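In what follows, a structure is listed as structure tokens, so that the remarks can point back to it.
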Amino acid sequence: MLGYLARRLLLVVPTLFGIMLANFVIVQAAPGGPVDLMLAKIRGATIQATARVGGTGGGEAAGGGARGTGGGEDGLSRAARGIDPELVRQLEKQFGFDKPAWQRFLHMMRSYMVFDLGTSFYRDRPVLGLMLEKLPVSITLGLWTTLLVYLISIPLGVAKAVRDGTRFDVWTSVAVIVGYAIPGFLFAILLIVLFAGGSFAQWFPLRGLSSDTWALMSWPARAVDYLWHIALPVTALVVSGFAGLAMLTKNSFLDEINKQYVATARAKGLSRSRVLYGHVFRNAMLIVVAGFPGAFVAIFFAGELLIEVIFSLNGLGLLGFEAAVNRDYPVMFGTLYLYTLIGLLLNIVTDLAYTVIDPRIDFERRDA
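Following this note's numbering, the numbering of the sequence shown begins with 1035 at its first residue and continues without gaps.
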């Protein structure tokens, strides 16, 4: 097993390198960038200032002069037209675009190997510090959501499989259909309307993870206040996430229950509960465990974005979205690097969980 783990850990390096390279190439090929974005802002501010001073005619003259100057600069982008070429070169040097793309990529990866994720272009702060600052919000939503999704989905899926075709199965399928049909952000809006000061009651707060007086509260009161604030966002994420796992668990159990070894075990006189939880559960859980890394990463890093916006929670999802909008490349690639690394390591943890659930699985012998 140790040899298998060593090989998997070694494969993390080229896999991570390839993912980062592919995304770097895509971003470089995409139109626009931090330099163009900054030049567009400077140009817009210049035109507005000229218009305020000289009136509409002056603004048009300034705009026309900008277009004329830009037309003569073959190497400048559309956003750079009318801007002093020396300023463009200074901005390119400031953002690190005065070097070839391959040099920037290699420098970025060398820095990432020691977890130096660079400095945000627009916040002028280390990317790692920004992520650590936003991390508590994402940890809160991600861990609570993942825990509740699995605690609800697995028992529900097992119960639906055991009672397949009964009224219980039919009525619980309604809840599953609702979970499939309603996106998390729409359910979050519904919760706000019903319980957070919309058209009905105002039982829960609308924003943040704590009250303004949180520092003055006792520890029991802080815990209650914390749970009070996360109730609605976590509920919205759980409702949108439990349906798929519940049906996966049910179908996995049904597939195992209909296999020959179950009939053989029952014929030998084993009780139904012994067969179900001693044999079927272990085999059926393999496919559920296999989906854990993807589910965790999706909830922890991707599924929270709109929920964070709706409930004014300043977490990693919102940070990544703002970085993409503002072309803040250090934040974009820094978050991508950590997300990918965590996802790859979770895949290895999944393989270890396989061997815990079913000791018959031997990855070392399979590779041999």
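Virtual Cβ for every residue (Gly too), placed ideally from N, Cα, C.
None of these values were measured; they are calculated from a predicted model.
Who pairs with residue i in a beta bridge, going by DSSP?
i: T1153; result: P1160
i: Q1404; result: Residue 1404 is absent from the structure shown; the chain starts at 1035 and stops at 1402.
i: A1230; result: Q1236
Excluding the 5 residues preceding and the 5 following residue i in the sequence, name in chain order all residues of the same chain whose CB lies nearer than 8 Å to its CB.
i: A1230; result: Q1236, W1237, F1238, P1239, L1240, L1266
i: L1055; result: F1139
i: V1161; result: L1151, G1152, T1153, S1154, P1364, V1365, G1368, T1369
i: S1346; result: L1240, R1241, G1242
Decide if residue i is buried, meaning its Cβ has at least 16 other Cβ atoms within 10 Å, or exposed.
i: G1052; result: exposed
i: H1263; result: buried
i: L1044; result: exposed
i: F1234; result: exposed
i: I1173; result: exposed
i: V1390; result: exposed
i: V1314; result: buried
i: G1098; result: With a pLDDT of only 36 at G1098, under 50, the local geometry of the prediction cannot be trusted, and no value is derived from it.
i: A1297; result: exposed
Between residue i and the rest of its own chain, which residues show a CB-CB distance below 6 Å, the 5 nearest in sequence each way excluded?
i: A1135; result: Q1062
i: A1357; result: V1365, M1366
i: P1048; result: none
i: Y1156; result: N1360, D1362
i: G1105; result: Residue confidence is low: G1105 scores 39 on pLDDT, short of 50, so the model does not pin down where it sits. No coordinate-derived value is stated.
For residue i, collect the residues of the same chain with a Cβ closer than 7 Å to its Cβ; drop the 5 residues on either side in sequence, then sort them by chain order.
i: V1343; result: L1352
i: W1248; result: R1256, D1259
i: V1183; result: V1272, G1275, F1276, L1279
i: G1163; result: none
Would you report the Cα separation of residue i and residue j, rounded to the nearest angstrom?
i: K1284; j: V1212; result: 17 Å
i: G1354; j: Y1373; result: 11 Å
i: M1165; j: S1145; result: 16 Å
i: T1384; j: V1268; result: 25 Å
i: L1224; j: A1195; result: 31 Å
i: L1243; j: V1171; result: 8 Å
i: A1299; j: V1309; result: 7 Å
i: P1189; j: Q1137; result: 52 Å
i: P1217; j: F1058; result: 31 Å
i: L1304; j: F1202; result: 26 Å
i: V1204; j: L1261; result: 32 Å
If residue i sits next to residue j, beta carbons under 8 Å apart, how far is it from one beta carbon to the other, in whole angstroms?
i: A1387; j: V1323; result: 5 Å
i: L1050; j: L1375; result: 6 Å
i: A1280; j: V1227; result: Rounded, the Cβ-Cβ distance is 26 Å, inconsistent with contact.
i: F1276; j: S1187; result: 5 Å
i: L1271; j: T1179; result: 4 Å
i: R1042; j: I1382; result: 5 Å
i: K1168; j: L1350; result: 5 Å
i: L1340; j: F1219; result: 4 Å
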